[in-house]
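Engineer: Sending over a structure as structure tokens; questions will come in a sec.
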Amino acid sequence: MSDPKGPPAAGPQASSGAAGGALRVLGPDERALKRERIVDVLWSLQKQRGFIDDEAVKLAAAECDLTPLEVDEIATFYNLLLRRPAGRTQIYVCDSISCELCGASKLIEQLSRVLGVGLGEVTADGEFGLLPIVCLGHCERAPCVLAGETVHGPLQTDRASVEALLQRIRDERGSAQG
Amino acid sequence: MNEVLLRARGRHGGPASLDEYRAAGGYAALPRALKEMKPEEMIAVVKDSGLRGRGGAGFPSGLKWSFVPSGDQWDGGPKYLMCNADEMEPGTFKDRVLIETNPHALIEGMILAGYGMGMTEGFIFIRREYFRQADGLEHAIQEARGAKLLGERIAGSGYSFDIHIHRSGGRYICGEETALLNAFEGKRATPRAKPPFPATRGLWARPTTVHNVETLACVPGIVEHGAQWFKGLAANPEGAGTKLYGGSGAVEDPKCVERPIGTTLRALLDEMGGVRGGKKLLGVIPGGASTAFLTPEHLDVPMDFTPLEKAGSRLGTGTFIAFSEDDCPVKGTLNLQRFFARESCGFCTPCRDGLPFGVWLLEQLESGQGTREHLDWIEDLYRDIGPNSFCAHAAGAAEPIKGLFRHFRPILEEHVSASGCPFAEKAEAVHA
């Protein structure tokens, strides 16, 4: 963790060097940005801890010179930040229009059946969390899901295909960790 | 046709490298432009080119540039360029394709736009779901720095500029420019009051221009070949440039293609193999979730800002979503409204409470509980919430509703008279 008593968050002032002339270009390290980094800080805490627990909120607050309340305003705002346990791997299923027109509802049904959980739930062994998400921006590959950092699609919705998808996600996680 | 935005492609399907972009003519005009063109000349050529914002609103880009304080109006402090790569409009994937294919077009566009507006620094605000795309951009930025195209005194000129990437946490409202600035600053991403506009008080209360990815990628061609060349790229007389068009939903071969702006929906649909399964076209949403339905009678309308406005819709992001004769437009609109309700930031009441009520009303129709009164309530609700809410989110949600009532009223009434969705059985057959 960096020293929270460093130089005050400078933002505009830090790069307002020579007026009118060639302005100095600052890298992110020089600028001593604090609260601007909050989403990145929460993201790495989430990666370490599985989700953003209350302790992580406090750590992020210290790191970014914010109050825990201010951090929670942000932690609860974004789709990919998890304030509750959601399994070791989250499967985000797109349920927006292009995927819906290509069978997203069927895909969600099949995933629920194979995993034995509904949307917003975690499998009994804690392996997968099944979560809905809005348009993933991969509409030419509808229906699709995001798992880890990979978008999978277009997906078939029969049981065998969904089981094969889960295996691909497991394999990828295995290789990412190994 | 010759591709402009996608003029370079990586050899193995990945993003074009710096060398590949240069081989396609990229960065050729940059050094001379930075040395010989005055910033006001660059603003003038962008104004003359007729370039309009590709993020959905279609605001004239040159005019936007001219709002940024310069000369005596400028206090000499920092000014920022913010690229909006928070692509999350349902049905929209064009910026992702551009970043995946030709990231240096965006970087060169940002340098030139930065120079034109006298900006000191640029940022790319990208949704976190675009993991690989952000990595590719980071790599391209490193390449550009290594070649002295970013950093101090770019390409031997007196202009210094650098670009940094901000990965967000994924939320649709962050695409609204002032919400984006709040998100960037590490605040809860609710929109800001306007005025003041970002051009005078944006990021850290400094002059800021927020531009869509595709808009910025149009700039290198304009600076290199001139305003008339850019206008000449269009397929229709009032248009300017090329456009990244996407097609998804009930199309045979969904994809993103770069074509002259003003290409017709018929031509685009043909190129994508027509409607899936050889079915008839029921209608399309032409440019992402916040645009109004069009029907087969609009197949020959040029897909450009003004012609689509005349047809009662909007170009939006230019990525259309096709509905076949088997797809219920009421069910589709319910899906869109669930999206808008979920993604409302919750800041103002008409949007936060109105959108879920709209979802409930449409659910009544789909589940067979709908009455004629429900139809009136839906129209009234969406007429009221847009003008009474704080930003354009609810107004965007009202657009597909307008199209639904204008073009598909008989289908809406059938939901009432038949006590349910007349498409339900067809849908079962399609996705079984």
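From first to last, the protein sequence lines are chains Z and G. Mapping of the first sequence onto our numbering: residues 1480 to 1657, in sequence order. Mapping of the second sequence onto our numbering: residues 133 to 564, in sequence order. For every residue, glycine included, the Cβ atom is placed at its ideal position computed from N, Cα and C. Bear in mind the structure is a predicted one, so any value in this text is a computation, not a measurement.
Roughly how many angstroms separate the alpha carbons of glycine 188 of chain G and aspartate 1604 of chain Z, rounded to a whole number?
Structural biologist: Each residue's alpha carbon lies about 44 Å from the other.
Engineer: Do the region 499–507 of chain G and the region 475–482 of chain G make contact, defined as three or more Cβ pairs closer than 8 Å?
Structural biologist: They do not touch, by the three-pair rule.
Engineer: Tell me phenylalanine 191 of chain G's beta-bridge partners as DSSP assigns them.
Structural biologist: Beta-bridge pairing links phenylalanine 191 of chain G to no other residue.
Engineer: Relative to the C-alpha of glycine 194 of chain G, which candidate in G:Thr341, G:Glu356 and G:Ala366 has its C-alpha closest?
Structural biologist: Looking at the Cα atoms, G:Thr341 is the closest of the given residues.
Engineer: Excluding five sequence neighbours on each side, which residues of the same chain lie with their C-beta closer than 8 Å to the C-beta of aspartate 1650 of chain Z?
Structural biologist: Cβ within range, chain order: n/a, list empty.
Engineer: Rounding to the nearest angstrom, what Cα-Cα distance links glutamate 1642 of chain Z and serine 181 of chain G in this structure?
Structural biologist: For glutamate 1642 of chain Z and serine 181 of chain G, the distance between alpha carbons rounds to 52 Å.
Engineer: For the region 304–323 of chain G, which residues have a beta carbon sitting closer than 7 Å to at least one beta carbon of chain Z?
Structural biologist: Of all residues in the region 304–323 of chain G, Tyr304, Phe316, Glu317, Gly318, Arg320 and Ala321 have a Cβ within less than 7 Å of some Cβ in chain Z.
Engineer: Could you name the residues of chain Z that arginine 474 of chain G contacts, counting a contact when the two beta carbons are closer than 8 Å?
Structural biologist: Result: Val1613.
Engineer: So which residues on chain G does alanine 1621 of chain Z lean against when the C-beta distance must stay under 8 Å?
Structural biologist: Under the 8 Å cutoff, chain G gives Ser380, Gly381 and Pro386.
Engineer: Does the contact criterion of 3 or more C-beta pairs under 8 Å hold for the region 395–409 of chain G versus the region 372–387 of chain G?
Structural biologist: A contact exists between the region 395–409 of chain G and the region 372–387 of chain G.
Engineer: So what's arginine 277 of chain G in DSSP terms, helix, strand or just coil?
Structural biologist: Note: arginine 277 of chain G maps to helix in three-state DSSP.
Engineer: Under 8 Å, Cβ to Cβ, is there at least one residue of chain G near glycine 1653 of chain Z?
Structural biologist: With 8 Å as the cut-off, glycine 1653 of chain Z does not count as an interface residue toward chain G.
Engineer: So, is the C-beta of phenylalanine 263 of chain G closer than 8 Å to a C-beta in chain Z?
Structural biologist: So yes, phenylalanine 263 of chain G belongs to the interface.
Engineer: Less than 7 Å between C-beta atoms, sequence neighbours within five positions excluded: which residues of the same chain meet that for glycine 146 of chain G?
Structural biologist: Cβ neighbours of glycine 146 of chain G beyond the five flanking positions: none.
Engineer: Along chain G, in chain order, which residues have C-beta atoms closer than 8 Å to that of aspartate 1519 of chain Z?
Structural biologist: Simply Arg299.
Engineer: Apart from the five residues on each side of it in sequence, which residues of its chain come closer than 8 Å, Cβ to Cβ, to valine 548 of chain G?
Structural biologist: Excluding residues within five positions, the ones whose Cβ falls inside 8 Å are Leu497, Gly502, Thr503, Arg504, His506 and Leu507.
Engineer: Short of 6 Å in beta carbon distance, which residues of its chain neighbour valine 491 of chain G, apart from the five on each side in sequence? Order them along the chain.
Structural biologist: If we look at valine 491 of chain G and ignore the five residues flanking it on each side, its Cβ neighbours are Gln469, Arg470 and Ala473.
Engineer: Which residues in the same chain as valine 155 of chain G place their Cβ atom closer than 8 Å to its Cβ, once the five residues preceding and following it in sequence are excluded?
Structural biologist: What sits at residue 155 of chain G in the sequence shown is alanine, not valine. Excluding positions up to five away in sequence, the list reads Ala140.
Engineer: Is there contact here, the region 1550–1570 of chain Z with the region 1533–1541 of chain Z, by at least three beta-carbon pairs under 8 Å?
Structural biologist: The region 1550–1570 of chain Z vs the region 1533–1541 of chain Z: in contact.
Engineer: When you compare the CB of aspartate 402 of chain G with every CB in chain Z, is at least one pair closer than 8 Å?
Structural biologist: Not one chain Z Cβ lies under 8 Å of aspartate 402 of chain G.
Engineer: Candidates G:Gly450, G:Gly246, G:Cys523 and G:His144: which alpha carbon is nearest histidine 343 of chain G's?
Structural biologist: For histidine 343 of chain G, the nearest C-alpha among the options comes from G:Gly246.
Engineer: Would you call the region 317–327 of chain G and the region 158–165 of chain G in contact, with 3 or more CB pairs under 8 Å?
Structural biologist: Contact between the region 317–327 of chain G and the region 158–165 of chain G is absent, because fewer than three Cβ pairs lie under 8 Å.
Engineer: Determine the direct distance from the alpha carbon of leucine 426 of chain G to that of serine 551 of chain G, and round the result to whole angstroms.
Structural biologist: So the two alpha carbons sit approximately 26 Å from each other.
Engineer: For leucine 1560 of chain Z, return the contacting residues in chain G, with the cut-off set at a CB-CB distance below 7 Å.
Structural biologist: Near leucine 1560 of chain Z (Cβ distances below 7 Å), the residues of chain G are Gly301.
Engineer: Determine, using beta carbons only, whether arginine 228 of chain G comes closer than 8 Å to chain Z.
Structural biologist: Chain Z contact via Cβ: present.
Engineer: When you check each C-beta in the region 1628–1648 of chain Z against every C-beta of chain G, which residues fall closer than 9 Å?
Structural biologist: So the list reads Glu1628, Thr1629, Val1630, Pro1633 and Thr1636, given in the order they occur along the chain.
Engineer: Tell me, please, whether the CB atom of glutamate 1534 of chain Z is closer than 8 Å to any CB atom in chain A?
Structural biologist: The question asks about chain A, but that chain is absent: this structure's protein chains are Z and G.
Engineer: Among the residues of its own chain, which have a CB less than 8 Å from the CB of alanine 372 of chain G, if the five just before and after it don't count?
Structural biologist: Within the same chain, alanine 372 of chain G has close Cβ partners Ser181, Gly182, Leu183, Arg184, Phe362, Lys363, Leu365, Ala366 and Ile393.
Engineer: For serine 422 of chain G, is the classification buried or exposed, using 16 other Cβ atoms within 10 angstroms of its Cβ as the cut-off for buried?
Structural biologist: Looking at its Cβ environment, which holds 16 or more other Cβ atoms inside 10 Å, serine 422 of chain G is buried.
Engineer: Closer than 7 Å between beta carbons: that is the criterion. Which residues of the region 1546–1576 of chain Z meet it against chain G?
Structural biologist: The region 1546–1576 of chain Z vs chain G, Cβ under 7 Å: Glu1552, Ile1553, Phe1556, Tyr1557, Asn1558, Leu1559, Leu1560, Ser1575 and Ile1576.
Engineer: Measure from the alpha carbon of aspartate 1544 of chain Z to the alpha carbon of each residue in Z:Leu1561, Z:Ile1517, Z:Leu1560 and Z:Trp1522, then state which is nearest.
Structural biologist: When each option's Cα is compared against that of aspartate 1544 of chain Z, the closest is Z:Ile1517.
Engineer: Check arginine 141 of chain G in the structure and name its three-state DSSP category.
Structural biologist: Correct three-state label for arginine 141 of chain G: coil.
Engineer: I believe leucine 256 of chain G touches alanine 217 of chain G by the beta-carbon criterion, under 8 Å. Please report the beta-carbon distance rounded to the nearest angstrom.
Structural biologist: The sequence given here has isoleucine at residue 256 of chain G, not leucine. Indeed they touch by this definition, with Cβ atoms about 5 Å apart.
Engineer: Nearest to proline 1547 of chain Z by alpha carbon, out of Z:Leu1610, Z:Gln1589, Z:Ile1531 and Z:Leu1594?
Structural biologist: Of the listed residues, the one whose Cα sits closest to proline 1547 of chain Z is Z:Ile1531.
Engineer: Could you please give the first and the last residue of the uninterrupted alpha helix (DSSP H) stretch that includes phenylalanine 489 of chain G?
Structural biologist: Per DSSP, phenylalanine 489 of chain G belongs to the alpha helix (DSSP H) from 481–498.
Engineer: Looking at C-beta atoms only, is the number of pairs between the region 281–289 of chain G and the region 265–272 of chain G that lie closer than 8 Å three or more?
Structural biologist: These segments do not touch.
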